[in-house]
Structure formats: C-alpha cells, structure tokens
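If you read the sequence shown in full-length UniProt numbering, its first letter stands for residue 1, the second for the next number, and so on. Don't be surprised by glycine CBs; every beta carbon is placed ideally from N, CA and C.
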Amino acid sequence: MREVAARAGVSIKTVSNVVNHYQFVSDATRDKVEDAIHDLGYVVNASARTLRTGHTGIIALVIPDLQIPYFAQLSSLVIEEGKRLSLHVIVEPTLYSREGEIQALHGSQISMLDGIIFSPLELSGDDVDQLDIDVPLVLIGERIFTDNVDHIATENVEGAKRATTYLFQTGCRRIAVLGVHPGEDVGSAALRFRGYREALEEMGLAFDPKLVAPADRWHRIDGVNAMNLLLDQGVEMDGVVALNDMLASGASHAIQMRGLAVPGDISIIGFDNSEDSQYLSPALTTIAPGLEAVARLSMRVLKDRIDGNHPLDEPDGRPIFRKVSSSLVVRASTKPPTHAAGQLC
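Structure (structure tokens):
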C-alpha cells in the first residue's frame, strides 16, 4: 500500500479509502490510485483485513443448480452486485440435496464467510431451526417463510396468474400447465400452480386435471417429456403455461416435432425471462420475475447486516420481507390478444 501511495503521489490513508470504496474521494484521485494499483499488481491482504475488521469480505450464494438459467443469471447478478459492494461471492450449488443445503449452512466453511444468500429447495417450513446460524442470512425464493430471517421473494402466484390470464386474453380456453410437483404445498411450483388455478377460476374456466403435467425437475428434457405425455394421451389444448422457461423450451420442441405450430396450434408462455428465451424459435413469451431487483435487494440487506446496520434503513432492525414485482414479456410464442377475449376479462 505504501508503494501504491508513492506511485500515485497520495497518502497511504487515501489508498486505503480507494481500496475500501469510500465515496469521498475525487474521481481524479481515485483514477491515479487505481492506475498505480494496476501498474504494481497490488492485491489486498485478505488475512490482514480480517484481523483488522473482523470480516473476510466473502459471502456465499447457495442455490440448487447452476444449469438452470434462472440461477445462473441470478448468480451473475449477485456477483456483479457483490463487486460493487466490495464483497467476493462464492456460488455453492447444492444439487437438489437436503444434506447439501444443511452443509452449506452449518459446514466448516461458515467460518470464512461474512454472510449467506440462500435459495432452498429441499428444506421447508419445518426446518426453520436450520436457519439459525452465526452469520447474517438472507432467504430468496419461496420454499421457507419465517419472520426470523430477512427474505426477498418473487411474485410466483401473481406471475403465473398473469401468464394464464394472458393466454385467455389471446383466445385460449384449454390451457395446460407443465412442471407441477404433486403434493407440494410450498415452493415455486406450488405457488405458480396456485396462480394458474386462481386465474382459471376468475376467468370462469373449469379446472381439468387432464391438463396438468407434472415434472420433478425443470430442465428442457422434462418439458419434452411432460408435453409428450399430454400429446400421447390425446389431451386437447390450445395453450400451455410452463412453470419455467426451460420447460417451455422443451415443450415447444415437442410440439413442433409432432408437426404442430407454435403459436398457430398451441400457444406457450414460460416463466423467468431467461436470457435464452428471446432466441428460441419462436421467441418465448414469459414472465420476468425481477431478478435484478432480487440480487440488488438481497445483497443490500446482507451488506447492511454485515456492517451492523438496520437493513434498508428500517428503524427497528427487525427481519424484513420484500416481494419483487414481476412483469409479462410478450414475444412470438403466443397469439396477440383478441378484442372479444379482452372483453370477457
């Protein structure tokens, strides 16, 4: 640090301010220091920082599966936000394992972390005691609801309801749903299925269990298999709500392999607005869950907790709950709304 200060012509304290991203440094001074850091190859001594501050500057993002575009995109956004806040993010996929989720919360690696952002899939509301850990924790997703932990959620019910309603507005009356987890009461699948059913009820469409296709996982092959199951059974449908974009991608492939057209014969709408959804053929209409806001809010809350501040400037410092708004992204996999259908709504 002394060498960086000499190269930049500033004090050691100024170098420290730049390294720790203090805001009251002029752009010109910051540029000089950063140029000197680059020229000298200076790297912050993490061990020394830990001894000085009690923090490592490292957090973990615990997710089920990096192969799912939703979690891959979320990871990228959290890492980007972490850099802005001077936090290093370790991404830990648990691979659909209850033991993996518990290990991520209670394993030996917890000693090197300042905090955790956790998206559970196997743990449930009966496992709230597992969330009692020694570092700040922010929940994302909808698997566990508790007043004891900060939680950033998304509009699963509202989003699926919006998707189903939009298909109705385009003239669809036999709307299938792909990706349901039978017997599940909590989690994204259960909540999105609830939104689908609420939309049917509000639109006066009878619920038909023949239009429900389960899928344990939400990869493309699961969408292919779920769609083929309905087609093989001769189920009549003119629209499909897939509970994520990968299921929708697989379903679209299965439909077209049968010589049917999307959306000419069957319209499809997905959920998550993954980056690939706009490049499918046809491009996928989908629900955008507001991942940017999820990453930004979860990181801000965690950083506030790490720094000993009340999250989001809440005066009492109690655990917070925020739900991020979703939105409909219309592309080519659905027909345009019809005037008559719009009137019925």
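{"Item": "Thr-154, enclosing beta strand (DSSP E) - first and last residue", "Value": "150–154"}
{"Item": "Inter-residue CB distance, Asp-272 and Tyr-70 (contact presumed, cutoff 8 Å)", "Value": "5 Å"}
{"Item": "Check: Ala-283 C-beta below 6 Å from any heavy atom of the ligand GTP", "Value": "Within the structure as shown, the ligand GTP is missing, as the structure has no ligands at all."}
{"Item": "Backbone secondary structure at Gly-115 - three-state DSSP", "Value": "strand"}
{"Item": "Lys-83 burial status per 10 Å Cβ neighbour count (16 or more: buried)", "Value": "exposed"}
{"Item": "For Leu-123, the nearest candidate out of Glu-155, Leu-77, Leu-95 and Arg-197 (CA to CA)", "Value": "Leu-95"}
{"Item": "Buried versus exposed, by CB contacts within 10 Å (16 or more), Thr-14", "Value": "buried"}
{"Item": "Reduced DSSP secondary structure (H/G/I, E/B, other) of Ser-188", "Value": "helix"}
{"Item": "Burial state of Phe-24 (16 or more Cβ within 10 Å)", "Value": "exposed"}
{"Item": "Minimum C-alpha distance to Asn-148 - residue among Ala-104, Ala-160, Asp-127 and Lys-161", "Value": "Asp-127"}
{"Item": "Same chain, Cβ closer than 8 Å to Ala-251, five either side skipped, listed in chain order", "Value": "Leu-178, Gly-223, Val-224, Ala-226, Met-227, Val-240, Ala-242 and Ile-268"}
{"Item": "Bounding residues of the beta strand (DSSP E) (the contiguous stretch that carries Arg-322)", "Value": "321–324"}
{"Item": "Straight-line gap, Val-33 to Val-10 (C-alpha atoms, nearest Å)", "Value": "8 Å"}
{"Item": "Test item: CB-CB of Ala-288 and Ser-327 under 7 Å", "Value": "yes"}
{"Item": "Status (buried if at least 16 other CB within 10 Å, exposed otherwise) for Val-43", "Value": "exposed"}
{"Item": "Contact check, Ile-63 vs Val-89, beta carbons under 7 Å", "Value": "no"}
{"Item": "Pro-337 vs Thr-170 beta-carbon contact at 7 Å", "Value": "yes"}
{"Item": "Which residues DSSP lists as bridging Pro-214, in chain order", "Value": "Val-180"}
{"Item": "C-beta neighbour in chain B for Ala-160, strict 7 Å", "Value": "Of the protein chains in this structure there is only one, and it is not chain B."}
{"Item": "Backbone secondary structure at Leu-51 - three-state DSSP", "Value": "Low confidence applies to Leu-51: its pLDDT is 46, below 50, so where it sits in the model is not reliable, and the reading given next is rough at best. Three-state DSSP puts Leu-51 in a helix."}
{"Item": "Simplified DSSP state of Ser-76, which is helix, strand or coil", "Value": "helix"}
{"Item": "Start-end ranges of the beta strand (DSSP E) lying completely within the stretch 118–174, minimum 3 residues", "Value": "137–140 and 150–154"}
{"Item": "Of the listed residues Lys-323, Arg-98 and Arg-318, nearest to Arg-296 (C-alpha basis)", "Value": "Lys-323"}
{"Item": "Residues near Pro-120 in its chain [Cβ-Cβ closer than 7 Å; skip 5 each side]", "Value": "Glu-101, Gly-141, Arg-143 and Ile-144"}
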